[in-house]
Structures are given as structure tokens and as C-alpha cells.
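**Student:** My structure is below; once you've seen it, I'll send some questions.
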Amino acid sequence: MALATRTDRRSSLARTVWNSSVGKKTVMAVSGLIMLLYLVVHMIGNLKIFFGPDEFNHYAHWLRTVGEPFMHYEWTLWAIRVVLVAAVVAHAVSAYQLSRRDLRARPDRYVHRRARATYATRTMRWGGVILGLFLVWHLLDLTTGTVHSGGFQEGHPYQNVVDTFSTWYGNAVYIVAVLALGLHVRHGFWSAAQTLGAGSRTRDRALKAVADVLALLLTVGFIAVPVGVMTEVVS
Ligand code: HEM
Numbered sequence: 041m042a043l044a045t046r047t048d049r050r051s052s053l054a055r056t057v058w059n060s061s062v063g064k065k066t067v068m069a070v071s072g073l074i075m076l077l078y079l080v081v082h083m084i085g086n087l088k089i090f091f092g093p094d095e096f097n098h099y100a101h102w103l104r105t106v107g108e109p110f111m112h113y114e115w116t117l118w119a120i121r122v123v124l125v126a127a128v129v130a131h132a133v134s135a136y137q138l139s140r141r142d143l144r145a146r147p148d149r150y151v152h153r154r155a156r157a158t159y160a161t162r163t164m165r166w167g168g169v170i171l172g173l174f175l176v177w178h179l180l181d182l183t184t185g186t187v188h189s190g191g192f193q194e195g196h197p198y199q200n201v202v203d204t205f206s207t208w209y210g211n212a213v214y215i216v217a218v219l220a221l222g223l224h225v226r227h228g229f230w231s232a233a234q235t236l237g238a239g240s241r242t243r244d245r246a247l248k249a250v251a252d253v254l255a256l257l258l259t260v261g262f263i264a265v266p267v268g269v270m271t272e273v274v275s
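This note's numbering puts the last residue of the sequence shown at 275; the count rises by one with no breaks.
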């Protein structure tokens, strides 16, 4: 009985936090930082393509065997995938609900909707939609091979990446997405820091600088791959 009451109290606390705007912003900040960590690691891993097919394919194979013999083949990778999917869903759902709340809160929402959303808010919303669509495309392209331009080869990501960036639309899709990612991270990192209470008058300049550097590193690091293939440094 006492246990049931404690569990009820805890779940109603979780519901209260989730229903509050601060709670949703916190979920957005934490899920965003988890995805950001993954992206930094993914970007560094991608740069191994400049060291040739053996090194890049070996790295992709290692991603599947990491943690062995304690972990079975692909267990660690699947654990990472579960965390990432949870982060993407939590981020998207809280963003959608916060946007709806924001629009509902405006008495003159039909007349001034466009004028009143700030430039940053609109960029974040559109950027988020572009990144969500890109992610679906990217997984169908380089993970499952469903929309891949060449003959997709399981276990040969080097050749798959070269095939993708040998088409104009492959380059266009990835470059547009990576530019959207840079803008999203630049504002998102700073927003997350404010939500999590890291902002202050003295720290804001430093936080903005960190956001700029992170966004620039990710943009340049990811774009280096299609540029490498286009210029035949990677072939
Ligand atoms: C030029 C840019 C990019 C390249 C060349 C690239 C390359 C790849 C490759 C080759 C894979 C398959 C790895 C494997 O199966 O071993 C992959 C998976 C993935 N990429 Fe990217 N990627 C890029 C940008 C991005 C961006 C911007 C995002 C996120 C917005 C992203 C998110 C992911 C995710 C979530 C996976 C699935 C990981 C898994 O479950 O195995 N990638 N990427």
C-alpha cells in the first residue's frame, strides 16, 4: 500500500514536470546534448574515410564488435541506437508540443503568427524538420541501402559513401542537411545551456563562443566527406 502510494506520487511528479514548459525544455536540452555527443563522435569517425577503405571499413566493423566478448555482436551498437531513437523522439515531441503551446498562447495568432515568431525560432523549427527528414533519408541510404544510388554493399561503407557522393543529389541532400545542422547546433547548444542553468552574464559570451566553434567543427567535418569525394581525394 505504502509502496503503491510512493509510486503514484513519483509518476504524478513526472507527469507534472513533463506537462510544464520548463520540463519540456529540459527534455529538449538533455536529448539535444545526447544527440550532439553522438554527432561529434560520428563526425570524427567519418573523417577516417581519408585514411582509405581498409581503415574506414574496419572502423565500421569495430562499431559492431565493441564490448566483445562480454557483449554479443552488435549489442553495444543496438544499445546506442535505442538511446538515440529515444532522444530523437523526446526532442521532436517536446519541440512540437512547445510550438503548439506557443501558438495557442497568442491571442492574435492568425494575424501576426509569422511576424511574431523570431528569426531563431523559425530557423530552429524549419531546421528541425529538415534534419528529421534527412535522418530518414540517411538511414535508408547508408544503413539499409533502400534508396542508395549504387549497388549497396553491406559491410562496405567506404564504397557506399563514395557512391552516395558520386551523384549531384546525394551531395545536395547532405550539404543542405549539414548546413541546417550547423545552424541548429549553434542556437540549440546555447539554448540548452540557458535551460540547464549554465547561462549567466559572465558566461554567456563563452557559451556563445563554444556554440559557434562546435557548429563550425561539425559543419566543416561533415562537409569534408562529400567535398573529398567530389574532388577525388576520396575515390
Ligand atoms: C557527410 C555526412 C555524413 C556521412 C558521410 C555519414 C555516414 C554514415 C555512414 C557510412 C553510416 C553507416 C555506418 C555503418 O552502418 O557502419 C551512418 C549512419 C548514421 N548516421 Fe551518418 N553520416 C553523415 C552525417 C550524418 C548526420 C548529419 C547525422 C545526424 C543528423 C547522421 C546520423 C547517423 C545515424 C543516426 C546513423 C545510424 C547509426 C547506426 O544505427 O548504425 N549522420 N552515417
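The C-beta atom is built at its ideal place from N, Cα and C for all residues, glycine as well. Every value quoted in this text rests on a predicted model; they were computed, and no experiment measured them.
Shortest alpha-carbon distance to Leu173 belongs to which of Ala217, Leu236, Met68?
**Tutor:** Out of Ala217, Leu236, Met68, Ala217 has the C-alpha closest to the C-alpha of Leu173.
**Student:** Any contact of the stretch 122-132 with the stretch 65-77, i.e. 3+ C-beta pairs under 8 Å?
**Tutor:** With a cut-off of 8 Å, the stretch 65-77 and the stretch 122-132 count as touching, because enough Cβ pairs lie within range.
**Student:** Using a 10 Å radius around the Cβ and a threshold of 16 neighbouring Cβ atoms, would you call Lys236 buried or exposed?
**Tutor:** It should be noted that the sequence gives Leu, not Lys, for residue 236. Classification of Leu236: exposed, given that the 10 Å Cβ count is below 16.
**Student:** Is the stretch 158-177 close to the stretch 48-55, with three or more CB pairs under 8 Å?
**Tutor:** Because the criterion of three Cβ pairs below 8 Å is not met, the stretch 158-177 and the stretch 48-55 do not touch.
**Student:** Please report the straight-line C-alpha distance between Ala251 and Gly222, rounded to a whole angstrom.
**Tutor:** Distance between the alpha carbons of Ala251 and Gly222: 10 Å.
**Student:** For the alpha helix (DSSP H) containing Ala246, name the first residue and the last one.
**Tutor:** Note, Ala246: alpha helix (DSSP H), 244-270.
**Student:** Using CA atoms only, rank isn't needed, just tell me which of Leu103, Gly107, Val225 is closest to Leu254.
**Tutor:** Looking at the Cα atoms, Val225 is the closest of the given residues.
**Student:** On the criterion of 16 or more Cβ atoms from any shown chain inside 10 Å, does Gly191 qualify as buried, or is it exposed?
**Tutor:** By the 10 Å Cβ count, Gly191 comes out exposed.
**Student:** Would you mind sorting Asp181 into buried or exposed? The rule is 16 or more other CB atoms within 10 Å of its CB.
**Tutor:** The residue in question, Asp181, is buried, as its Cβ has 16 or more Cβ neighbours within 10 Å.
**Student:** In angstroms with no decimal places, state the Cα-to-Cα distance between Leu79 and Leu175.
**Tutor:** Using only the alpha carbons, I get a separation of about 12 Å.
**Student:** Label Asp109 either buried or exposed according to how many other C-beta atoms from any shown protein chain fall within 10 Å of its C-beta, with 16 as the threshold for buried.
**Tutor:** The residue you asked about is not Asp; residue 109 is Pro in the sequence shown. The residue in question, Pro109, is exposed, as its Cβ has fewer than 16 Cβ neighbours within 10 Å.
**Student:** Please say whether Phe90 and Val274 have beta carbons closer to each other than 8 Å?
**Tutor:** Their beta carbons are under 8 Å apart, which means Val274 touches Phe90 by this criterion.
**Student:** Ala54: buried (16+ other C-beta within 10 angstroms of its C-beta) or exposed?
**Tutor:** Looking at its Cβ environment, which holds fewer than 16 other Cβ atoms inside 10 Å, Ala54 is exposed.
**Student:** Can you list, in chain order, the residues of its chain whose CB lies under 8 Å from that of Gly195, leaving out five sequence neighbours each side?
**Tutor:** The residues are Asn97, Ala100, His101.
**Student:** Does His112 come out as helix, strand or coil in the three-state DSSP assignment?
**Tutor:** In this structure, His112 counts as coil in the three-state DSSP scheme.
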